[in-house]
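The next block holds one structure in the form of structure tokens; read it before the comments.
Number of protein chains: 2
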Amino acid sequence: MGRIHNDEEGTGGAAVNHAQQKSSGRLTLPIQSGMDERVGQLIGMLGADWVRNSDGTSLPDTAAQWGARIMSTYFPARGDNEFALAHPDETTRMFLSSATVTAMESSPLDIEVAAEYYHKQIAPDLGVDTERFWQVMDRSTGCPLKRSDWRISTVPRDAADCDDDWPADDPRREVVTVTIDSPERFHLYSVNFMAKQMWDSTQMYNYLTNGWEDDPQRKKEIPYDIRYPATRQFAREQLTRWLEDNPQVDVVRFTTFFYHFHLVFGADGKEKFVDWFGYGASVSPKAIDAFEAEYGYRLDPEVFVDEGYYNSPFRPPRKKFVDWMDFTSRFVAEQAKQLVDIVHAHGRTAMMFLGDNWIGTEPYGDYFAGIGLDAVVGSVGNAATCRMISDIPHVSIHEGRLLPYFFPDTFHPGGQPEKEAWSSWRQARRAIVRCPLDRIGWGGYLKLADEAPGFTEVMQSIAGQFRAIHDISQEDRPATCGVKVGVLNAWGARRSWQTHMVAHALPYEHTTAHVGVVEALAGMAVDVEFVSFADIADGVPDDIDVLINVGEAATAFSGGAAWRQPGLAQAVRDFIARGGGIIGVGEPAACPGNGRFFELADVFGVDRECGWSLSTDRYFSLQPHFITGGGIPGHGTIPAFDPQGRPGQVTVVRDSVKVHAAHGQSIDIATNCFGDGRAVYFAGLGYSADNERLLYRAIMWAAGREDSYGELPVAQCPQVDTAYYRKANKLLVFNNGGTPVTTRLSSLVAGEITLDAGESRWFDID
Amino acid sequence: MGRIHNDEEGTGGAAVNHAQQKSSGRLTLPIQSGMDERVGQLIGMLGADWVRNSDGTSLPDTAAQWGARIMSTYFPARGDNEFALAHPDETTRMFLSSATVTAMESSPLDIEVAAEYYHKQIAPDLGVDTERFWQVMDRSTGCPLKRSDWRISTVPRDAADCDDDWPADDPRREVVTVTIDSPERFHLYSVNFMAKQMWDSTQMYNYLTNGWEDDPQRKKEIPYDIRYPATRQFAREQLTRWLEDNPQVDVVRFTTFFYHFHLVFGADGKEKFVDWFGYGASVSPKAIDAFEAEYGYRLDPEVFVDEGYYNSPFRPPRKKFVDWMDFTSRFVAEQAKQLVDIVHAHGRTAMMFLGDNWIGTEPYGDYFAGIGLDAVVGSVGNAATCRMISDIPHVSIHEGRLLPYFFPDTFHPGGQPEKEAWSSWRQARRAIVRCPLDRIGWGGYLKLADEAPGFTEVMQSIAGQFRAIHDISQEDRPATCGVKVGVLNAWGARRSWQTHMVAHALPYEHTTAHVGVVEALAGMAVDVEFVSFADIADGVPDDIDVLINVGEAATAFSGGAAWRQPGLAQAVRDFIARGGGIIGVGEPAACPGNGRFFELADVFGVDRECGWSLSTDRYFSLQPHFITGGGIPGHGTIPAFDPQGRPGQVTVVRDSVKVHAAHGQSIDIATNCFGDGRAVYFAGLGYSADNERLLYRAIMWAAGREDSYGELPVAQCPQVDTAYYRKANKLLVFNNGGTPVTTRLSSLVAGEITLDAGESRWFDID
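Chains F and S supply the protein sequences, listed in that same order.
Per this note's numbering, the first sequence starts with residue 1394, numbered consecutively.
Per this note's numbering, the second sequence starts with residue 1394, numbered consecutively.
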């Protein structure tokens, strides 16, 4: 059994003091001018080996003196308005929809196409063939109108609403209206229009958020499109020049490549639509033509506008859009490779920021390897976002930028930056122990962090813990329970760890009950793979033990109409019948028809009640089960199960099913045996320590491995987790919660273990 | 202004003492043998003018002596097993589905077709052409198999499971299996089979509930089908004979006519499927053939089995089923008329019980008038069930049987029959004041009621209050606010007051949030009409002020695909735009497509978020409104709004919409102006006094009549209601709650009014 090795961290950051631990490395620190000597002290104290600039800061000229490698941001698709203004045809574009307007009369209907958009960002593009690149949609019938049924008119925009530095022919100087001469009364209409993106979305966000808009020193950057020849040449030449001008830069951090994720602002200057995965800004007449030449069919604007949903990742993907993703990703990889090659030719390291203009890079896609990057860096908001970075293949360096950002919104009198830092670390650590980031770092103004009392000690402690995981584990991965989970949805491996993610780790009330599954898996001692419906339609791969399908009906994650495709349900049934496991959360395999709402109602033994079968009597009683630890949630000492979301109204539909938690007549947890396999249903599974534990037990049971549950050490208290490193024969025990606990492990270490809030501790295993 | 007239009722039943009130009449009392003298006393004390027997009791021979009219139950479609056994081809039949079975192998798949049914009730009918009247369904593809792909086999049932009195050829003596020789592996299969109904469903329910099954004195009655010639002749002859044998009977209470609502029991003897509206037991080979001859197309079993949903009223009705309803209703009316004519020829009154074998009578349908009934009687569970009875056209007497039934389940030591009686009365009274029943009554064993301490006084008080409503109002209807509400769903007037009703007033957790709307309307001072989608597709009738569409997506009540039909949405928009009102509850007009989930999202200004539009930012703030009384629920002194159901996750989709209640990001109450009209959205509206008040205010606002709100007296306290009778110039003020209140009215009566729990009080208006 184990003995306590040493104590690394308290809530407040006890000094790190571990024999095997390196005191430096794996850490990127943002630095800034004006605090030169102190920068050097902090680099030494924290053991930073890389330094970087941040948005709005510049690297001090003396950056090279501390021996750290220097990382600098680089923007290949914006930043030179002189070039942008000289090449107005190469501005990046989007397909957007006007407001949907009801024709209250049959008299001519005017729709000001961009009325709902921020006029400094979005300009309708009248320089394109409007018959091909604009569309007027009858949103009552779903059909486009003939071009002859509508016309375009323009009036000058009020001069007070225009910036002085806009050229006379700036498209933002016009207000564009589409008129439908003879609308059907009480039909709904909207206009799909090609728009020029006249202001980079992230820059605009920063400007609006920080009130920089009226600062004459700052230029509103117009993005340009690498699809066009002048931009292509310019991007290469500019990068070459920049590398030559900045010999001190070791690591070029592309922020990012060419196409920003879909982010547009409303007329009121507030965010209007944001899809971190959105390909909305990857279009142009040239690209659409190139696509048609290659694929043999034309994409009309509606393919992108998609009834106004813009191919959100929640929409079951349609072939045309997937073709476009593929087409664009291939193009982005080719073009990005050119830039990466230039970086390498100059002997520098090429790093990609996972965000901003990352569209088309698809780090888990088919073309990412071809870019030839050395490193990726991204913001870590929780465990899933951490794994999204640390699992990326084909790069050797994965860096996670921890929270909080050193910005005044957190670093001000009364702020609690240490609390945020610990919370961020506790969430990220769950993932880091399973698949370590190679590096961590922070962003923002170092001066703010330095001035916050005790904050540098927090950084020191976190850096120490992080390095200890690498050092003490001897770069080994911790043991898993040996069960491989396949997360099943429309996106599969291509969008690994990105299931239900919406703009990073921002919490969406709507997805609470579903996003918790991936968040739980990101820190769980199981092997995880993401598989698409297409991947398994001919048979579930042999190495998968348990499938998990989680999501809301009609989404890409639950699957929607994908379950109509011949063979899919049969393949899953075959897998379960032969002894496989499946876990469904929310409305798994929902595809109403043939007498059931869940296509796999026979497998789960439960089904969603949508009202149609209320006449059928449903009888069940609550039974204890291995998954709930032998009790019934809400009874005795077991806390009530909280799915943390809008619970489905789910009923029993097979006699074999057993129910383990319910509220009223709606089932929350159920199990069913199907052939030699097992199925588990959860109404929802928002992230919490309790729900993570339930999911782990469900996985073990579904895999038929409940007898070996506890062989890997499991703490009695669900907020305590363990990672066992076989090579080093060390056990890391860590408290994910913000409160102290005393608990016991199921194996390897005997006796009670008391851990402070967030504390981690290493044990030698004999 | 008004002055207090007199006080009628306390919680415990203060004596009725009203000058204008008649002390007898309008009351039916169940009587029984063995308490003759006391029966006479009770009749006198309660003022009963009719007496009746109940199931399991017989009328005393002395019944005639008290001068009351005598009502007796009569069963035209069961009761003579000798006849039933002599005519086995005339047993009533059903189309049923076997269990849906997954083919785990491609080897022959056996399905014991009736395995899930109670074998004493359900016998597969092998005497019919199984190619026409049986079907094997592939529930993975939705297609029936060819007859040659399956075969039927039988084995004798274990003798221990058979009753001794079953004839040797009783079909229940066989266990029937369908074998599919070459199923597709992992497809699902079920068998649609024609079954004989070997035991009347209601009788069976009573037997199983009361433990009478093994009582040799009681015969399990086999129902017979009036569609067949011997039964038809027998029914008429038997009724004639019975009338001649029972000259003392004044009122023949048909219980009911020919086809029982769909009610079958499971193998465990527990209720398996119950649809109080279900036409499942109205089928036979003869009827199907007659239908085909008339309508020119064949109905296959799947039309009735309907994927296992059996055309539940929640299913958007399909043409074939509506044709069948029409066909059957016409037939039932013709046949029932023959029996009613016989009753009339004998000088008796013909009354129909609204329940049991009522299928095809459709009291609000096109053929009901043709039956020629004098009276209807039904069980009153709440306000909606009361209105369902009291609004029935074409009969002159409407009687409501109040709760509790005088059965030992309520009348036992420790039971609270008085409490149930008051609660039932308080609920029914809301409806009775709007559209009075002509009579009330109770059922069961009078002896039990007589022995319960104080219960006869409760009956006396309720009867007095009831008679007072008739007498003091001078048979006038109370004033309404002048607004006419049209409840819009697939069923329309044909199923008036039956919206969301499932087996009487039994509460279904699933429909809580929707059924409250009709319950509220049943006691509201508004005019109510039920309209179907077809009724308004060419234009909403001029006399309707406010449409209400309430229900869950994809149901007949919300509408589902009905909203795809050209013109419907346009007709509603036209109505609203010209100044009409609409109130949507739950998922109104849900029909996902063309960029919205609610077809009328533009009218309501809100839409259901199903995940697809999470990338669109939604901004709203809570605003006070007339509907919420000028405040925001949950803020200040206004109680939080409780939709009482699974709330939709609903978002704002038009800038014009105003939000008045929400939980988190999900909208609970919103209003929107559309053209000259107004729309109101509620996430749900379970029945409560608060929600009833919200709905009333919403109706007034949607009708543009908020300025005249309060002209009819409205109590400050929502649990107090009023009814103003103009002809008599009297105001009834009544407390619907079980607690005392002190409140004020908006008009007609000044000053505070204090009412005991449940109390009602009459005021003279000067």
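Ideal Cβ positions, reconstructed from N, Cα and C, are used throughout, including at glycine.
CB-CB length for residue i against residue j, believed under 8 Å
{"i": "PRO2017/F", "j": "ILE2025/F", "result": "6 Å"}
{"i": "TYR1757/S", "j": "SER1889/S", "result": "5 Å"}
{"i": "GLY1878/F", "j": "VAL1939/F", "result": "According to the sequence as given, residue 1878/F is Val; it is not Gly. About 5 Å; that satisfies the 8 Å criterion."}
{"i": "ARG1471/F", "j": "PRO1564/F", "result": "No, ARG1471/F and PRO1564/F are not in contact; Cβ-Cβ is about 17 Å, not under 8 Å."}
Any chain F beta carbon closer than 8 Å to residue i
{"i": "CYS2003/S", "result": "yes"}
{"i": "LYS1665/S", "result": "yes"}
{"i": "GLN2058/S", "result": "yes"}
{"i": "GLN2042/S", "result": "yes"}
{"i": "GLU1902/S", "result": "yes"}
{"i": "GLN1425/S", "result": "no"}
{"i": "GLU1401/S", "result": "Confidence in GLU1401/S is poor, its pLDDT being 41 and thus under 50, which makes the residue's placement too unreliable to answer from."}
{"i": "VAL1506/S", "result": "no"}
{"i": "GLN2109/S", "result": "no"}
{"i": "PHE1579/S", "result": "yes"}
{"i": "GLN1413/S", "result": "Below a pLDDT of 50, predicted positions are generally treated as unreliable, and GLN1413/S, at 46, falls in that range; no measurement from the model is reported."}
{"i": "GLY2068/S", "result": "yes"}
{"i": "VAL1895/S", "result": "yes"}
{"i": "SER1533/S", "result": "yes"}
Chain F residues whose Cβ lies nearer than 8 Å to that of residue i
{"i": "TYR2117/S", "result": "Per Cβ cutoff of 8 Å: no residues; TYR2117/S is ~38 Å from chain F at best."}
Within chain F, partners of residue i - CB distance below 9 Å
{"i": "LEU1538/S", "result": "The contacting residues do not exist; LEU1538/S stays about 14 Å from chain F at best."}
{"i": "THR1948/S", "result": "CYS2003, GLY2004, TRP2005"}
Minimum C-alpha distance to residue i - residue among the options
{"i": "GLY2068/F", "options": "PHE1579/S, ASP1608/S, GLY1437/S, GLY2027/S", "result": "PHE1579/S"}
{"i": "ALA1479/F", "options": "PHE1627/F, THR1421/F, VAL1568/F", "result": "PHE1627/F"}
{"i": "MET1497/S", "options": "GLY2041/F, ALA1970/F, THR2009/F", "result": "ALA1970/F"}
{"i": "PRO1560/S", "options": "MET1591/S, PRO1537/S, GLY1535/S", "result": "MET1591/S"}
{"i": "ASP1831/S", "options": "VAL1851/S, SER1866/S, ASP1802/S, GLY1793/S", "result": "GLY1793/S"}
{"i": "TYR1838/S", "options": "VAL1444/S, GLY1460/S, LEU1538/S", "result": "VAL1444/S"}
{"i": "ASP1522/S", "options": "GLY1909/S, THR1648/S, ILE1545/S", "result": "ILE1545/S"}
{"i": "TYR1798/F", "options": "PRO1786/F, SER1789/F, GLU1811/F", "result": "GLU1811/F"}
{"i": "VAL1657/F", "options": "PRO1846/F, GLN1596/F, ASP1767/F", "result": "GLN1596/F"}
{"i": "ASP1531/F", "options": "GLU1630/S, ASP2149/S, ASP2000/S, GLY1986/S", "result": "GLY1986/S"}
{"i": "PHE1950/F", "options": "LEU1881/F, MET1464/F, ARG1780/F", "result": "LEU1881/F"}
{"i": "GLN1514/F", "options": "ASP1503/F, THR1484/F, PRO1537/F, PRO1501/F", "result": "THR1484/F"}
{"i": "LEU1795/S", "options": "VAL1773/S, GLY1753/S, MET1917/S, VAL1788/S", "result": "VAL1773/S"}
{"i": "MET1852/S", "options": "ALA1660/S, PHE1468/S, LEU1439/S, PHE1651/S", "result": "LEU1439/S"}
{"i": "VAL2162/F", "options": "GLU1567/F, ALA1861/F, PHE1647/F, TYR1688/F", "result": "No answer is possible for residue 2162/F: it lies beyond the span of chain F, which begins at 1394 and ends at 2159."}
{"i": "ILE1941/S", "options": "THR1742/S, GLY1988/S, LYS2120/S, LEU1993/S", "result": "LEU1993/S"}
Under 8 Å by beta carbon: chain S residues contacting residue i
{"i": "GLY1671/F", "result": "SER2008"}
Within chain S, the residues that residue i reaches when beta carbons sit closer than 9 Å
{"i": "PHE1707/F", "result": "CYS2003, GLY2004, TRP2005, SER2006, LEU2007, SER2008"}
Beta carbon proximity, residue i to chain S, threshold 8 Å
{"i": "GLY1909/F", "result": "no"}
{"i": "ASN1410/F", "result": "For ASN1410/F, the pLDDT reaches just 41, beneath the cut-off of 50, and the residue's location in the model is therefore unreliable, although a value from the coordinates is still provided. So no, ASN1410/F is outside the interface."}
{"i": "ARG1396/F", "result": "Low local confidence applies: a pLDDT of 44 at ARG1396/F is under 50, so the model's placement there is unreliable, with the coordinate-based value given in what follows. Output row for ARG1396/F: interface = no."}
Contact test: residue i Cβ vs the ligand COA heavy atom, cutoff 7 Å
{"i": "ASN1775/F", "result": "For the ligand COA, the structure offers nothing, since it holds no ligand at all."}
Note down, one range per segment and in chain order, each alpha helix (DSSP H) of at least 4 residues found wholly within the stretch 1994-2036 of chain S. 1994-1997
If you scan the stretch 1446-1508 of chain S from start to end, which runs of the alpha helix (DSSP H) of 4 or more residues do you find wholly inside it? 1474-1479
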